[in-house]
Amino acid sequence: MDAVNPPAQPPALSEDDTNQLRLLSTFHYVVAAITGLFSLFPILHLVMGLAMVSGKLPMASGNPASPDINPQMFGWIFVIFAGVMIACGLTLAGFMAYAGRCLRQRRRYTLCLVVAAISCMLMPIGTVLGVFTLIVLMRPSVKGAFA
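Per the working numbering, the very first residue in the sequence shown carries number 27; after that it's consecutive.
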C-alpha cells in the first residue's frame, strides 16, 4: 500500500442493492427447493433398476428368436443412471441454497457468481434467476460489499 495514495473505498451499498440481494437470496432458496424436488424424479428409474437386478421384474421376451438380454446388467444401467442424476441434482440444489445464504450474508462472491452461472442451465426459472443474479453481482458497489 502506498502511504500517499490510500486504497480506494468501494462505493457504498445502496438500499436498492440491499433489497435486490435479499430478494435474490430468497429466490435462490425457492429454486433450490424446486431443483431438489425435480432431482428426485429418477427414483422411479432407481426402483425399476433395483427390481430388474433382484429379479422381481420379469424381463422375458415373448419371441423365442430374440436374443437374450441379461436383465441384471440392464438393471444396473438404470440404477447407476438414476443414482448419478439424483446425486447431481441434490448437489446442485444444495449449492443453490448455500449461495442464497451467502448472498444474504454477502460472503463468497466467487461461489455466488459460479452458482448463478450454473443455474442459467435450468430453464426457465433458473435462467431468469441466474441472469438477474449475475447482473446484480457485477455491480461495483455489490462486489465491494462482499467480504
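For each residue, glycine too, the CB sits at the ideal point set by N, CA and C.
Range of the contiguous alpha helix (DSSP H) that encloses residue i
i    : result
V157 : 151 to 163
V30  : Looking at the DSSP string, V30 is not in any alpha helix (DSSP H), and its letter there is neither H nor E.
A171 : 166 to 171
Residue i vs residue j beta-carbon contact at 7 Å
i    : j    : result
L118 : T61  : yes
A58  : M147 : no
V168 : D43  : yes
L163 : L139 : yes
L39  : A171 : yes
L155 : S145 : yes
M111 : P84  : no
Spatial neighbours of residue i in its chain, beta-carbon cut-off 8 Å, leaving aside the 5 residues before and after
i    : result
T52  : G126
Y135 : L163, K169, F172
S151 : One detail in the question is off: residue 151 reads as Ile in this sequence, not Ser. Counting only Cβ-Cβ distances below 8 Å, and skipping sequence neighbours, we find V57, I60.
Sequence-distant residues of the same chain with beta carbon closer than 6 Å to residue i, five excluded per side
i    : result
H185 : One cannot answer for residue 185 here, as it falls past the ends of the chain, which runs 27 to 173.
A54  : Note that residue 54 is His in the sequence shown, not Ala. Contacts found: M122, A125, G126.
Q46  : V162
G101 : G75, M78, V79
Give a yes or no on contact between the region 65 to 78 and the region 159 to 169, applying the rule of three or more CB pairs nearer than 8 Å. In short, these stretches do not touch, since the Cβ pair count stays below three.
In chain order, what are the residue ranges of uninterrupted beta strand (DSSP E) at least 3 long that sit wholly in the region 46 to 101? Runs of the beta strand (DSSP E) inside the region 46 to 101: none found.
Pairing CB atoms from the region 129 to 140 with CB atoms from the region 61 to 72, are three or more of them under 8 Å? The region 129 to 140, when compared against the region 61 to 72, does not touch it at the 8 Å Cβ threshold.
Contained beta strand (DSSP E) runs [length at least 3] in the region 107 to 158, N- to C-terminal order: List check, beta strand (DSSP E) in window: nothing returned.
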